[in-house]
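Down below is the structure, laid out as structure tokens.
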Amino acid sequence: MRVEIRDIRKYFGSVKANDGITLTLEEGHIYGVLGENGAGKSTLMKILSGYQPPDSGEILLNGQPHTFDSPLSALKNGVGMLYQDPHDIPPFSIVDNFLLGRDKRLRLNYRAAESELKELSSKYGFALDIQAHVDSLSLGERQQLELVRLLAGGAEVLILDEPTTGISAEQKDVLFNSMRKLAREEGKILLLVSHKLEEVQELCDHAFILRRGKYVGEMEIPCPNEKLVEMMFGQVPPRSERPTFELGDPMLELRDVNISTYRLSVKNLNLSVRAGEIFGLAGLEGSGQRLLIQACAGLVRPESGQIILDGQDITSWSYHKTRAVNVAYVAAGRLEEGLVASLSLTEHVVLAQRETDFFVDWAASGQDAQSRIEHYQIVGRPDSTAEELSGGNQQRLLFGLLWNKLKLILLEHPTRGLDVRSTNYIWNLLYQRRQDGTAIIFISPDLDEIIERSDRIAVFSGGVMSRIVDAKTTSVKEIGHMIGGQL
Ligand SMILES: Nc1ncnc2c1ncn2[C@@H]1O[C@H](COP(=O)(O)OP(=O)(O)OP(=O)(O)O)[C@@H](O)[C@H]1O
Ligand SMILES: [Mg+2]
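Following this note's numbering, the numbering of the sequence shown begins with 35 at its first residue and continues without gaps.
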């Protein structure tokens, strides 16, 4: 298989998402696709996989021009894409999902499908329980299912758009091993879109760099990170230094808090976070750290214990009430929980207003949206919808909707999907917040981020919170051991 992407253009109004991109892909290679937020990576990958048509340009497979009018027609021609948010149907069984898009006659042959699914998943080291339903799977397992579905559907070219956000370290290793196997042993072409340069260096043998919708160059991998960063941004962005800061009085206290849900319970949470402090929470997804944050935000009720904010008991308050005393919660699921996909930026500004009149002043709200766009450097317009923004710009919008005076900010994966420059930008905003005495608690799967950005850290494992460690004196290794259960 050989893929030629020739002079692809895709404009959205005045935005040139892809502005004449030409690339050639040869079999047996793993390619990295790099570029800052909004560079046009996802747009190009969606065109290559038949999710959306280009305005102009051609895709040639083995020298033959092809037009795909749907992801299914792309897959029939050997191109499959793993989207960042799985495109499966949760209430269906695993086998039903596996058969999605397959030939109707085959669909009836459940037995054959089951054994094909088993065979493929063991071949690539996936441990899928084929009796399960998709809604009981972790994100990493849903990805594995989607991968075997694409492979069984005949994919020779596999595109993975930021596949490692939200999966565990073990699942990442399994995924990367399967990708290596697919390229080296089966001659498939793999494309990895990622902001994590370490991952690209570890896995890929070649990388393409896009900037503002244009191809800027390509590199053999491994190569120095600085070289890649320079091509992505035009220059190496300055590192954001973490300013030292005098912490204030306790802002948030948890006293013997117990929370239990049908999945997990956490017991005896005791914690005191000071004004201006940044507190990092590490742990595998589903270990209890999210429950702590949601209890503080008024989204889950503790069974017992007390949550004290700036001297006031807010235990079991509703989300609405905690908001009113200046607690903000920024959820991990940008488009599922944080934003409304089809609403414009102006509409988001209106929704985020805390005092609402009966009438909405649209003109003023539009201006408000415009000033937030400028202040938070969002690439978009007041009438752009949230889903039209690139991943990184959606994240900026979430921060742009926070109000001015805040006592506590609760964050999940604050820099998920952000490029280096946007990551620094978001942390600089948060550092500024500390000057006003805001306490910050955040969850991140990125241990380097936890150690670099926090004052103190706690680790969750199986619903148990560890002792609290000082970020200055701990290491990735120590936190890693704690995540593994050595609390
Ligand atoms: N459906 C759409 N309607 C309008 N504009 C769009 C649409 N899809 C993408 N864009 C715009 O095209 C540009 C490129 O977006 P794209 O999603 O391809 O970027 P990206 O490189 O994947 O960025 P990120 O790293 O943030 O995911 C952005 O400015 C985005 O706002
Ligand atoms: Mg993208």
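Just so it is clear, CB atoms sit at the ideal spot from N, CA and C, and this is done for glycine as well.
Everything numeric in this text was worked out from a predicted model, so none of it was measured.
Query                                                                                                                                                               : Result
Which residue from M115, I55, N211 puts its Cα closest to that of K248?                                                                                             : I55
Report the option in R40, L134, N71 whose CA atom is closest to the CA atom of D89.                                                                                 : R40
Among residues of its own chain, excluding the 5 on either side of N427, which ones have a beta-carbon nearer than 8 Å to its beta-carbon?                          : N71, G72, I412, V413, G414
Would you report the Cα separation of Q86 and S104, rounded to the nearest angstrom?                                                                                : 7 Å
Return the chain-ordered list of same chain residues with a C-beta closer than 7 Å to the C-beta of I255, the five sequence neighbours on each side being excluded. : G66, V234, Q235, C238, D239, H240, A241
Go ahead and pull the three-state DSSP assignment for P99.                                                                                                          : strand
Pop quiz: I243 and L57 are said to be a contact at Cβ under 8 Å. What is the actual Cβ separation, rounded to whole angstroms?                                      : Their Cβ separation, rounded to whole angstroms, is 11 Å, which puts I243 and L57 out of contact at 8 Å.
Counting only the same chain and skipping the five closest in sequence on each side, list residues whose C-beta sits under 6 Å from that of E311.                   : L281, A473, D489
Can you grab the Cα-Cα spacing for the pair R455 / A147, in whole Å?                                                                                                : 46 Å
Is the beta carbon of L533 within less than 6 Å of some heavy atom of ligand 1?                                                                                     : Because the chain here runs from 35 to 521, residue 533 falls outside it and cannot be looked at.
Have a look at the DSSP bridge pairing and note the partners of K44.                                                                                                : N52
Considering only their Cβ atoms, is the gap separating F313 from R468 smaller than 7 Å?                                                                             : no
In three-state terms, what does DSSP make of A161?                                                                                                                  : coil
Distance, Cα to Cα, A398 vs A386?                                                                                                                                   : 14 Å
Between A524 and ligand 1, is there a pair consisting of the residue's CB and a ligand heavy atom that are separated by less than 6 Å?                              : Past the edges of the chain, shown from 35 to 521, lies residue 524, and the structure says nothing about it.
Quick check on the DSSP output: the beta strand (DSSP E) that includes Q340 runs from which residue to which?                                                       : 338 to 343
Taking the C-alpha atoms as reference points, what is the distance between D169 and E422?                                                                           : 27 Å
Determine whether the beta carbon atoms of S83 and V113 lie at a separation below 7 Å.                                                                              : yes
Nearer than 6 Å: is that true of the beta carbon of L231 relative to any heavy atom of ligand 1?                                                                    : no
Below 8 Å, can you find three or more Cβ-Cβ pairs linking the region 439 to 456 to the region 394 to 409?                                                           : no
Here's a check: name, in chain order, each residue in its chain whose Cβ is nearer than 7 Å to the Cβ of T508, leaving out the five neighbours to either side.      : I485, I491
Can you list every residue whose CB sits closer than 5 Å to some heavy atom of ligand 2, going in chain order?                                                      : S76, G425
Could you tell me which residues DSSP puts in a beta bridge with R415?                                                                                              : DSSP lists no partner for R415.
Roughly how many whole angstroms lie between the Cα atoms of G322 and E389?                                                                                         : 33 Å
Nearest-angstrom Cα distance between E483 and E446?                                                                                                                 : 12 Å
Please determine, among V307, M253, D283, S338, the residue with the shortest C-alpha to C-alpha distance to I293.                                                  : S338
Compare the beta carbon distance of D122 and R43 with 7 Å and say whether it is the shorter of the two.                                                             : no
Candidates L369, P197, V383: which alpha carbon is nearest Q401's?                                                                                                  : V383
Could you pull out every residue in the same chain whose Cβ sits closer than 7 Å to the Cβ of I341, ignoring the five residues on either side in sequence?          : L288, V291, A329, C330, I348, T349
Can you tell me where the beta strand (DSSP E) with G434 in it begins and where it stops?                                                                           : No beta strand (DSSP E) holds G434; the alpha helix (DSSP H) holding it covers 425 to 434.
Within the present structure, is the beta-carbon of N96 separated from the nearest heavy atom of ligand 1 by less than 6 Å?                                         : no
Pairing CB atoms from the region 218 to 228 with CB atoms from the region 186 to 194, are three or more of them under 8 Å?                                          : yes
Does the beta-carbon of K157 have 16 or more other beta-carbons within 10 angstroms, so that it is buried, or is it exposed?                                        : exposed
Go ahead and label F476 buried or exposed: buried means 16 or more other beta carbons lie within 10 angstroms of its beta carbon, across all protein chains shown.  : buried
Compute the Euclidean distance between the alpha carbons of P416 and L521, then round it to the nearest angstrom.                                                   : 47 Å
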